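This report concerns only the one structure given below.
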Amino acid sequence: MNNFSANLLFAAVWAIFFGGFTWLTVLSGFVLGYGILWLLQPLTGVQSPYFKRVWYWLKLLIMFHYELLVSSIQVIWDIVTPTLHARPAIIDMPLDVKSDTGILLVTNLISLTPGTLSIDVSPDRKTLKIHAMFADDPEAVCDALKSGMERWVIDAVEDT
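For the sequence shown, this note's numbering puts the final residue at 222, and the numbers step up evenly by one.
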């Protein structure tokens, strides 16, 4: 049994123990199971990438929601103010993410963020074409996406 399955089992047992499958009991069971598995790790003698991967997924979720909030405010500000700040552009961003899952996740997160839209992935899967609403400096937009969303996805999804 891998660590994720064991963690889900801990969460289910915890929820049964407390008499209901509410989001709070399942989440607290998952956190408790994670802690127990992490503490038991030295007894097994095997270093599992599961524990790092959970932190990377949490970072991805938190940072994406932060980017979502910031970009939403930026787009709303451009809409409600009389001055137009948008300088749209089509940007070609080289991809460092290799897996299909990673590419799918990067493209969807970029499209979900207000002000940016993934248009196309090149046939060789090395370049992503993006429409950016605020692209005064296309290189800065590309660098921000690469060091932000793409880096978080690589950490969370790719095998290292």
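Glycine included, C-beta positions come from ideal geometry on N, C-alpha and C.
Just so you know, these numbers come straight off a predicted model, no measurement behind them.
Determine, using beta carbons only, whether residue i and residue j come nearer to each other than 9 Å.
i       : j       : result
Gly-97  : Ala-73  : no
Ile-152 : Lys-191 : yes
Gly-164 : Val-219 : yes
Glu-212 : Val-168 : yes
Gly-95  : Trp-76  : yes
Which residues in the same chain as residue i place their Cβ atom closer than 7 Å to its Cβ, once the five residues preceding and following it in sequence are excluded?
i       : result
Asp-198 : Arg-149
Phe-80  : Thr-87
Pro-144 : none
Ser-180 : Thr-169, Ile-172, Ser-173, Leu-190, Ile-192
Sorted by chain position, which residues of the same chain lie with C-beta nearer than 8 Å to residue i's C-beta, five sequence neighbours on each side aside?
i       : result
Trp-100 : Phe-113
Leu-130 : Leu-174, Thr-175, Pro-176
Arg-115 : Ala-218
Trp-214 : Tyr-118, Lys-121, Leu-122, Met-125, Phe-126
Identify the continuous beta strand (DSSP E) that holds residue i and give its terminal residues.
i       : result
Thr-178 : 178–183
Thr-106 : Careful: Thr-106 lies outside any beta strand (DSSP E), inside the alpha helix (DSSP H) at 85–106.
Asp-162 : Where Asp-162 is concerned, there is no enclosing beta strand (DSSP E), although the alpha helix (DSSP H) it sits in stretches over 162–174.
Ala-197 : Element bounds for Ala-197: n/a, residue is neither H nor E.
Phe-148 : Rather than Phe, the amino acid found at residue 148 in this sequence is Ala. Looking at the DSSP string, Ala-148 is not in any beta strand (DSSP E), and its letter there is neither H nor E.
Tell me the residue span of the alpha helix (DSSP H) that contains residue i.
i       : result
His-127 : 112–142
Ala-194 : Where Ala-194 is concerned, there is no enclosing alpha helix (DSSP H), although the beta strand (DSSP E) it sits in stretches over 189–194.
Asp-224 : Since the first and last residues shown for the chain are 63 and 222, residue 224 lies out of range.
Asp-186 : No alpha helix (DSSP H) contains Asp-186, which DSSP labels as neither H nor E.
Rank the options by C-alpha distance to the C-alpha of residue i and give the top, closest one.
i       : options                            : result
Gly-177 : Ser-133, Ser-184, Thr-169, Asp-217 : Ser-133
Met-195 : Gln-136, Thr-143, Val-215          : Gln-136
Leu-122 : Thr-145, Trp-85, Ile-172           : Ile-172
Ala-68  : Val-93, Gly-82, Thr-84, Phe-83     : Val-93
Pro-200 : Gly-82, Asp-154, Asp-162, Trp-139  : Asp-154
The segment 203–221 in contact with the segment 158–174 per 3-pair CB rule at 8 Å: yes
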